[in-house]
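Positions in the sequence shown are counted from 1; adding 652 to them yields the working numbering. Yeah, the Cβ is synthetic: ideal placement off N, Cα and C, and Gly gets one too. None of these values were measured; they are calculated from a predicted model. Remarks on the structure that follows.
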Amino acid sequence: MDARKDLLKKIKYFVLDMDGTFYLGNKIIPGSLEFLQKVEATGRHFMFFTNNSSRSPEVYIKKLAGMNCNIERKQIMTSGDVTIEYLKTYFPGKKVYLLGTEALITSFKENGINLINGNPSDTPDIVVVGFDTTLTYEKLSLTCTYIRNGAKFFSTHCDINCPTEDGFIPDVGSFNACITLSTGGKTPRYFGKPNPETVEMVVQVTGAKPEEIAFVGDRLYTDVATGVKNGANGLLVLSGEATMDDVAKSEVKPDGIFKNLAEIASLLD
Numbered sequence: 653m654d655a656r657k658d659l660l661k662k663i664k665y666f667v668l669d670m671d672g673t674f675y676l677g678n679k680i681i682p683g684s685l686e687f688l689q690k691v692e693a694t695g696r697h698f699m700f701f702t703n704n705s706s707r708s709p710e711v712y713i714k715k716l717a718g719m720n721c722n723i724e725r726k727q728i729m730t731s732g733d734v735t736i737e738y739l740k741t742y743f744p745g746k747k748v749y750l751l752g753t754e755a756l757i758t759s760f761k762e763n764g765i766n767l768i769n770g771n772p773s774d775t776p777d778i779v780v781v782g783f784d785t786t787l788t789y790e791k792l793s794l795t796c797t798y799i800r801n802g803a804k805f806f807s808t809h810c811d812i813n814c815p816t817e818d819g820f821i822p823d824v825g826s827f828n829a830c831i832t833l834s835t836g837g838k839t840p841r842y843f844g845k846p847n848p849e850t851v852e853m854v855v856q857v858t859g860a861k862p863e864e865i866a867f868v869g870d871r872l873y874t875d876v877a878t879g880v881k882n883g884a885n886g887l888l889v890l891s892g893e894a895t896m897d898d899v900a901k902s903e904v905k906p907d908g909i910f911k912n913l914a915e916i917a918s919l920l921d
């Protein structure tokens with residue numbers, strides 16, 4: 653008997669990565685929709701989670717709708733959402749400078765985060781570095797100045813590169829490497845995958861226990877690590893970045909390995 657079937661029996665909630673797991677670029681991976689149908693048919697639930705904090709959840713909802721996957725806002729979460737929740741819980745009212753896109757800035761403001769505009773004379777309590785695809789030298793310089801002057805250093809996620817249809821582009825982890833060098837070794841507190849705050853927020857939103865949740869994705873160091881390092885489950889799909897060679901070399905070992913979402917669906921009772 654396939655041991656993976658026993659693993660899947662205890663899963664009540666699947667938290668899905670997107671690019672490389674559910675779709676590749678603008679093309680849905682065969683079997684992805686059928687997986688969602690099987691999840692619901694067996695009384696289980698799903699939601700999507702992306703570390704990409706440069707876009708609003710509404711952008712992803714629209715993209716999925718174009719693939720005949722219609723979801724509600726509560727069925728998608730981003731690293732930006734996790735960061736916002738942490739700030740609201742532990743640093744209410746504190747002054748925050750956000751290095752991010754207009755979409756992320758709007759999201760922070762809508763959730764009542766006290767953002768400052770960003771002037772050299774400002775003294776924010778916290779700096780949050782997101783995946784800012786509109787990054788300028790002025791914003792980078794201000795960020796470093798604030799951190800040198802004592803602001804706490806937070807970041808939405810740790811991804812070094814972001815995959816695109818044309819290859820990789822620098823992600824927030826690359827920005828932070830620059831900031832760390834410039835500030836004499838200051839390093840950020842990360843949110844998003846694979847950090848515990850992500851699991852805590854998913855538990856809070858879904859009501860499921862960690863052991864009933866599976867984080868599914870094509871990256872060992874984010875998707876899979878979120879589950880295996882934080883009391884949940886980490887399932888690897890080989891439809892994107894990671895290969896079996898990567899698994900052999902990685903310290904992070906998946907609880908289960910599958911070709912794609914379609915194979916998971918085939919094992920669900």
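Less than 6 angstroms between C-beta atoms, sequence neighbours within five positions excluded: which residues of the same chain meet that for Y742?
The answer is none, since no qualifying residue turns up.
Buried or exposed for A693, going by 16 or more other Cβ atoms inside 10 Å?
So A693 counts as exposed.
Would you report the Cα separation of K690 and I728, rounded to the nearest angstrom?
19 angstroms
If you draw a straight line from the alpha carbon of G695 to that of K664, how long is it in whole angstroms?
8 angstroms
Are A755 and V779 close, meaning C-beta to C-beta below 8 angstroms?
Not closer than 8 angstroms, so no.
Which residues DSSP lists as bridging N813, in chain order:
Per DSSP, P822.
CA nearest to the CA of S759, picked from P862, L833, S708, R725:
S708
Just the Cα atoms here: how many angstroms apart are L787 and L751?
8 angstroms
Compute the Euclidean distance between the alpha carbons of Y738 and E849, then round it to the nearest angstrom.
Cα-Cα distance, rounded: 8 angstroms.
Can you check DSSP and say which residues form a bridge with S807?
V781, Y842
Please report the Cβ distance between A877 and P862, rounded to the nearest whole angstrom; I am assuming they are in contact, meaning their Cβ atoms lie under 8 angstroms.
Actually they are not in contact, since the Cβ atoms of A877 and P862 sit about 14 angstroms apart, beyond 8 angstroms.
Cβ distance (whole Å) where G844 is taken to contact F867 below 8 angstroms
Between F867 and G844 the Cβ distance is about 12 angstroms, and since that is not below 8 angstroms, they are no contact.
Looking at the unbroken beta strand (DSSP E) that takes in F666, where does it start and where does it end?
665-668
Taking 8 angstroms as the cut-off, decide whether the C-beta atoms of I812 and F805 are in contact.
no
So which of P815, Q856, S684, L660 has the shortest CA-CA distance to N704?
Out of P815, Q856, S684, L660, P815 has the C-alpha closest to the C-alpha of N704.
Is the beta carbon of G782 sitting closer than 8 angstroms to the one on V824?
yes
Per-residue DSSP class, three states only, for G908:
strand
Say whether chain B places a C-beta atom closer than 8 angstroms to the C-beta of V855.
This model lacks chain B altogether, as it is built from one protein chain only.
Check the DSSP bridge columns for A866 and list the partner residues they point to.
F666, N885
Evaluate the contact criterion for the region 709-720 versus the region 822-836: three or more CB pairs, one atom per stretch, below 8 angstroms.
no
Could you check which residue in L794, M853, S902 has the C-alpha nearest to that of T835?
L794
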